[in-house]
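Participant: This is the structure I want to talk about, given as structure tokens.
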Ligand SMILES: [Zn+2]
Ligand SMILES: [Zn+2]
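In the working numbering, the protein residues as written are 12 to 68.
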């Protein structure tokens, strides 16, 4: 329990991510950290659907 996988753009693969302590008291905090490279990932990338994670440039 508590282990989440997320596609890390730094590692270019699905990595185990962990949730850092939230300072903003979100009900569901979107902040995650890749345990392999330490990159901050945001679950909102998956949920909002409006802004793409891949800019055309
Ligand atoms: Zn938060
Ligand atoms: Zn990573």
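Backbone N, C-alpha and C fix where the C-beta goes; we use that ideal spot for every residue, glycine too. Computed from a predicted structure; not experimentally measured.
I need the boundaries of the beta strand (DSSP E) containing residue 51, first residue and last residue.
Facilitator: 51-53
Participant: Is any non-hydrogen atom of ligand 1 found closer than 6 angstroms to the C-beta of residue 38, if you look at the structure I gave you?
Facilitator: no
Participant: Going straight from the alpha carbon of residue 41 to that of residue 17, what length do you get?
Facilitator: Using only the alpha carbons, I get a separation of about 12 angstroms.
Participant: When DSSP builds the beta bridges, which residues end up paired with residue 27?
Facilitator: 16
Participant: Is it buried or exposed for residue 48, if we count other Cβ within 10 angstroms and need 16 for buried?
Facilitator: exposed
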